[in-house]
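Residue numbers (our numbering): 38 to 428. All C-beta atoms, glycine included, are put in the ideal place defined by N, C-alpha and C. Being a predicted model, the structure only gives us computed values, none of them experimental. One structure is given below, encoded as structure tokens.
What follows is the structure, encoded as structure tokens:
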């Protein structure tokens, strides 16, 4: 977003027009909407700006729910913004640690600062991009305990601040930056702050684990089975005797597995009546063994993240399936089996076998009214296809 665009949106006319628009729908006749707004006397640039903002608000509902309707966004800011349900977990850390004044360095559109302010903590949100800082200032305007500074995070004066939160920008325009030294703020800067202040750092869930310091608590977070981040927590923000954690957020609420280190796997055993696919946060945190012991499960293979049990188990940390049939992984025979069972909708999951699920599904050409899940994997070292139904 360019400066002139945000200036138009933040004008009295711009905000009134934006709030007067109906919710954006992808099926809307945009040409007609533009024509009507232009006929009403609104400048072309303003019309384009508010329509783009309306589109961003609709996309933001997945992260911010109803709050999105009263916020402003940039494309990049929305992409990197923390989901509100996760930001609330971050804010809770600072509150439980007894910290009163938090600096959010590299605040983006202000999602985490918003959650911190909502807990009545003082928050200073720092953003070096002028346009994004203006957007954050608008989003944080309802909170008198929040202020936004247009400044560079690495040179900002932190005198008096009790704790720091950082969400380093890991893109330069459209390109992903692989070197942590190129992030803004850099990872070395974040780790340096952690030597003198309680610090939380949001990173991508696939970060090289060798980059995680031994004194940090690493918490992988998933929302509705999608792993969205790993948070590194230092000082009083890190919990005692916790170095690995998997926080799973979904319809059940929030549930967490914690451990002092990567957990030891449960033994490999025979296929039972039930199969469990651990949540991605559990896999990333390497707590599959703890989950296996929790549900009384065993592994199908030492190198494959599937667990099996003889009895059903309720857990928020894995998706459960009942095994209907166990076949050799042979495309022709599977095609006949699906046809005989009238299975026309098949969800394919695979681990431990070199198969393209989309191409495999096309080759099976399933037809029928029934549905099922097909696991392509190894059991006892052999390639197997497990037909299953969700619990």
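- Rounded to the nearest angstrom, the gap between the Cα atoms of residue 303 and residue 283 is 18 Å.
- In the structure shown, residue 45 adopts helical secondary structure according to DSSP, grouped into three states.
- A residue is called buried when at least 16 other Cβ atoms come within 10 angstroms of its Cβ; residue 259 meets this threshold and is buried.
- In terms of Cβ geometry, residue 240 and residue 201 do not form a close pair [threshold 8 Å].
- In the assembly as shown, residue 100 is a buried residue. Its beta-carbon has 16 or more other beta-carbons within 10 Å.
- Here DSSP, grouped into helix, strand and coil, assigns residue 98 to helix.
- Contact annotation, residue 139 with residue 199: C-beta distance approximately 7 Å; criterion of less than 8 Å satisfied.
- Spatial neighbours of residue 317 in its own chain (CB-CB distance under 6 Å, excluding positions within 5 residues in sequence) are listed in chain order as 259, 264.
- The stretch 207-227 and the stretch 145-163 do not touch, with fewer than 3 CB-CB distances between them shorter than 8 Å.
- In the assembly as shown, residue 185 is a buried residue. Its beta-carbon has 16 or more other beta-carbons within 10 Å.
- Bridge partners of residue 315 according to DSSP: 355.
- Residue 408 has its alpha-carbon roughly 26 Å from the corresponding atom of residue 336.
- Its Cα nearest to that of residue 278, the residue 252 stands out among 252, 315, 91.
- Rounded to whole angstroms, the gap between the alpha carbons of residue 377 and residue 365 is 16 Å.
- In the DSSP assignment, residue 341 forms a beta bridge with 338.
- In chain order, 111, 114, 145, 146 place their CB closer than 7 Å to the CB of residue 169, counting only its own chain and leaving out the 5 sequence neighbours on each side.
- About 18 Å separates the Cβ atoms of residue 121 and residue 143, ruling out a contact at the 8 Å cut-off.
- The Cβ-Cβ distance between residue 349 and residue 428 falls below 8 Å.
- For residue 127, the enclosing alpha helix (DSSP H) stretches over residues 121-133.
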